[in-house]
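**Q**
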Amino acid sequence: MNDLKEEIKSRLSVEDVVGQYVELKRAGRNLKGHSPWGVDKTPSFMVSPEKGIWHDFSANKGGDIFTFIMEVEGVSFKEALEKLANKAGVDLSKYRGNNPNLTKKKNRARAALALATKYYQLCLTRNKPVCEYVFYQRNLNRKTVSDFKIGYAPASGKALTGVLQKRGFNLTELDDAGLLNRFKGDLFRDRMTIPFIDTSGNIIGFTARILKKAEPKYLNTPETILFNKSRFIFGLYQAKESILHSGFVVIVEGNMDVISSHQAGVKEAVATSGTAMTEQHLKTLSNFTHDIRLAYDGDEAGIKATERAIMMAGDLGIDITVISDYHGAKDPDELIQKDPKLWQSAVEKRVPAVEWLLKKYEENLNLNSAPDKRKYSDVALKLLGYVKDEVERASYEEKVAKKLDVEVEILREKGERLNKKIAQSTHKYLKKPKTEFKSNQLKKLENSLLALKIFGGITKTKIPFEVPEDETKLDELELIFNREHENVGDNNLEKEATELLFRYNRELNRQKIKALNAELENLDEDSAAYDKILKEIYELQNAS
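For the sequence shown, this note's numbering assigns the number 1365 to the initial residue and increments by one for each residue that follows.
What follows is the structure, given as structure tokens:
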């Protein structure tokens, strides 16, 4: 069940699921909006994309995407699971009777891929012509080859398969790992191999380049139980420390661009392997930095890719810039072969993506033509809608208006009409929750006390609740602490905990009294049970 839940979570972000019911806006690293149960006047609904959780401070509900659907749709866990699996495109049958040991299958696949990597590395050292290609034609040094675990897949049809079968792997396990072709032989033959390494350091697949003139030039591992190309980012495992240190990431088009860039000293380079950039790629990278630099070609495909990136990045609060000065080279790898310092300089001389895109559209349109002016204003306003900073957006509006030879107010009026139309469309498709909200003050106080106990380091005030083991609940409690207690000084945390505990006990007694009064209504006033309950109520009232 955990494998199924994690697979669904890896495909559906919490903001995407919640965003169907709640209009969310960026608030630092989190997102906020109004409660879907309509119980707040100011936004009290928080979403943490980084942790994959949500919490409604007014309704005192929270959890992950599964608990959200259960609450908002009023359905069981099983129904929520099926609904989200369908949305994510996950085949539930793979996680039922015909495949109960998915964790074991994944572990065997990882073991096979790790052994395949070592075998390919060994084959590289024993093949002189391939070594000449890797070290002299591609100009890769030994450290780079070692860091990226580059190897060579022999031309023989079953070289790897034979080795792995001798080590106890069967064909089904090798197929699960994505190592076999449709004839049950080696998928990769006579190719330079580069492993796909996830951020935990596990091998999850390969990309392999042909050494001779043949097609396809690159062959990638197909989708497997380990590898999903819409989420995987090539080079992130090797780049993550440099990204965190320097505060930026460079996205290039090809895997060899990544490898050459690392060798040239720009170790922040990554690539999306065999697929266009997705929102999931951007969300993953935004956990490391919000300064993302694109090194795409200036052709039509590069322009469209940059435009998509701007639109995806706008709501995530990510700063997109473009690296475009290649000094005549067609891509980063070719520029690096020419002079690594030119590539280092190009990375620093990036320009804002919106500015770069507007210039590209200016080059491709005749701004003396009324129809082209309309096209230019449409695309410009569309892009500027994703620029969140008012000053930056105003500066672009003035530049665009000058290019079109119109008053900036006219441009803004058109922009307001477009934004209104988009907002109406968005509101139209927001779903309404099916469940009703009922306040639970006691649970809210319990969560606040637990948050203080775990993240506030409370020791003097005896908080009578066990620390939960569930990671999602712990993440939710951290979100509560950051929202409600983070700005309270360390010296005042104990005082706050004492006050909250007093309120909790008072509320607990109030609810007990309410329940006992309900019992009294069904009892005879002359009975012993009636007198006993009256005494309990009296004691609770005095304790309050």
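Virtual Cβ for every residue (Gly too), placed ideally from N, Cα, C.
Which parts of the stretch 1611-1664 are runs of the alpha helix (DSSP H), unbroken and 4 residues or longer, counting only runs that do not cross its ends?
**A** Counting whole runs of 4 or more residues, the stretch 1611-1664 contains the alpha helix (DSSP H) stretches 1619-1627, 1643-1650.
**Q** Would D1655 pass as a contact of D1689 if the rule is Cβ separation under 9 angstroms?
**A** Taking 9 angstroms as the Cβ cut-off, D1655 and D1689 do not qualify as a contacting pair.
**Q** What number of angstroms, rounded off, separates the C-alpha of K1325 from the C-alpha of N1566?
**A** In this structure the chain extends from 1365 to 1908, so residue 1325 is not present and cannot be described.
**Q** Here's a check: name, in chain order, each residue in its chain whose Cβ is nearer than 7 angstroms to the Cβ of P1696, leaving out the five neighbours to either side.
**A** So the qualifying residues of the chain are V1616, D1621, S1624, S1625, A1659, W1707.
**Q** Whole angstroms is fine: what's the gap from D1554's alpha carbon to G1611's?
**A** Straight-line Cα distance between these residues: approximately 39 angstroms.
**Q** Just to confirm my understanding: we take N1462, look at its own chain, exclude 5 residues before and 5 after, and list those with CB closer than 8 angstroms. What are they?
**A** Low per-residue confidence applies at N1462: pLDDT is 47, beneath 50, and the placement is therefore not dependable, though the value from the model is reported in the following sentence. Same-chain partners within the cutoff: there are none.
**Q** When we look at the beta-carbon of K1909 and count the other beta-carbons within 10 Å, is it buried (16 or more) or exposed?
**A** Past the boundaries of the shown model lies residue 1909; the chain is included only from 1365 to 1908, so the question cannot be answered.
**Q** Look up G1418 in the DSSP assignment and say whether it is helix, strand or coil.
**A** Sequence inspection shows Trp at residue 1418; the Gly mentioned does not correspond to that position. Strand.
**Q** Kindly confirm or deny that the stretch 1512-1528 and the stretch 1540-1550 touch, where touching means at least three C-beta pairs closer than 8 angstroms.
**A** Result yes; three or more Cβ-Cβ pairs closer than 8 angstroms.
**Q** How many whole angstroms separate the CB atoms of S1637 and F1596, which I take to be in contact at a CB cut-off of 8 angstroms?
**A** Their Cβ separation, rounded to whole angstroms, is 6 angstroms, which keeps S1637 and F1596 in contact under 8 angstroms.
**Q** Do you know how far the Cα of E1496 is from the Cα of K1442?
**A** K1442 and E1496: Cα-Cα distance of roughly 57 angstroms.
**Q** For N1394 and S1412, I'd like the C-alpha separation in whole angstroms.
**A** Approximately 5 angstroms, taken between the alpha carbons.
**Q** I'd like to check one pair, L1376 with L1448: are the Cβ atoms closer than 9 angstroms?
**A** A contact, by the Cβ cut-off of 9 angstroms.
**Q** Using 8 angstroms for Cβ pairs, my map puts K1604 next to F1652. What's the rounded Cβ distance?
**A** About 6 angstroms; that satisfies the 8 angstroms criterion.
**Q** Where do the ends of the alpha helix (DSSP H) carrying F1441 lie?
**A** From DSSP, the alpha helix (DSSP H) with F1441 extends over 1441-1452.
**Q** List the DSSP bridge partners of I1561.
**A** For I1561, which the question treats as bridged, DSSP gives the partners I1567.
**Q** Use the C-beta contact count for Y1500: other C-beta atoms within 10 angstroms, 16 or more gives buried, fewer gives exposed.
**A** Classification of Y1500: exposed, given that the 10 Å Cβ count is below 16.
**Q** Check whether the stretch 1430-1439 touches the stretch 1823-1833, taking contact to mean three or more Cβ pairs, one atom from each stretch, closer than 8 angstroms.
**A** With the cut-off at 8 angstroms, the stretch 1430-1439 and the stretch 1823-1833 do not touch.
**Q** Any idea if N1730 is buried or exposed, counting beta-carbon neighbours within 10 angstroms, 16 or more meaning buried?
**A** By the neighbour-count rule (16 or more Cβ atoms within 10 Å), N1730 is not buried but exposed.
**Q** Quick check on DSSP: helix, strand or coil for L1872?
**A** Of the three classes helix, strand and coil, the one that applies to L1872 here is helix, per DSSP.
**Q** Going by DSSP, what residues sit across from P1716 in a beta bridge?
**A** DSSP lists T1685 as partners of P1716.
**Q** Under the DSSP definition of a beta bridge, which residues are partnered with K1604?
**A** DSSP output for K1604 lists no bridge partner at all.
**Q** Give me the residue from V1386, K1415, K1373, K1405 with the minimum Cα distance to D1839.
**A** Cα-wise, what sits closest to D1839 is K1415.
**Q** Which residues mark the beginning and the end of the alpha helix (DSSP H) in which V1403 is found?
**A** It is not in any alpha helix (DSSP H) - V1403 carries neither H nor E in the DSSP assignment.
**Q** Buried or exposed: where does N1424 fall if 16 or more other Cβ atoms within 10 Å of its Cβ makes it buried?
**A** Under this definition N1424 is a buried residue.
**Q** Kindly indicate which three-state DSSP category A1893 falls into: helix, strand or coil?
**A** DSSP places A1893 in helix when its eight states are reduced to three.
**Q** Buried or exposed for K1513, going by 16 or more other Cβ atoms inside 10 Å?
**A** By the 10 Å Cβ count, K1513 comes out buried.
**Q** Just how far apart, CA to CA, sit A1633 and E1643?
**A** Looking at the two C-alpha atoms, the distance is approximately 18 angstroms.
**Q** Is H1419 near L1843, with beta carbons less than 9 angstroms apart?
**A** Going by C-beta atoms, H1419 is nearer than 9 angstroms to L1843.
**Q** Per DSSP, what kind of secondary structure is D1769 in: helix, strand or coil?
**A** Looking at D1769 - three-state DSSP - the assignment turns out to be coil, as it is neither helix nor strand.
**Q** Strictly by DSSP, which residues pair up with D1550?
**A** DSSP, once it has assigned bridges, lists L1544 as partnering D1550.
**Q** If you follow the beta strand (DSSP E) that V1831 is part of, which residue opens it and which one closes it?
**A** Premise fails: V1831 is in no beta strand (DSSP E) and is neither H nor E.
**Q** Could you pull out every residue in the same chain whose Cβ sits closer than 6 angstroms to the Cβ of F1845, ignoring the five residues on either side in sequence?
**A** A1815, F1819, listed in sequence order.
**Q** Thinking C-alpha only, which one of A1665, V1381, T1862, G1532 is nearest A1476?
**A** Ranking A1665, V1381, T1862, G1532 by Cα distance to A1476 puts G1532 first.
**Q** Between the Cα of D1380 and those of L1857, G1599, M1676, E1871, spot the shortest distance and give me the residue it belongs to.
**A** Of the listed residues, the one whose Cα sits closest to D1380 is M1676.
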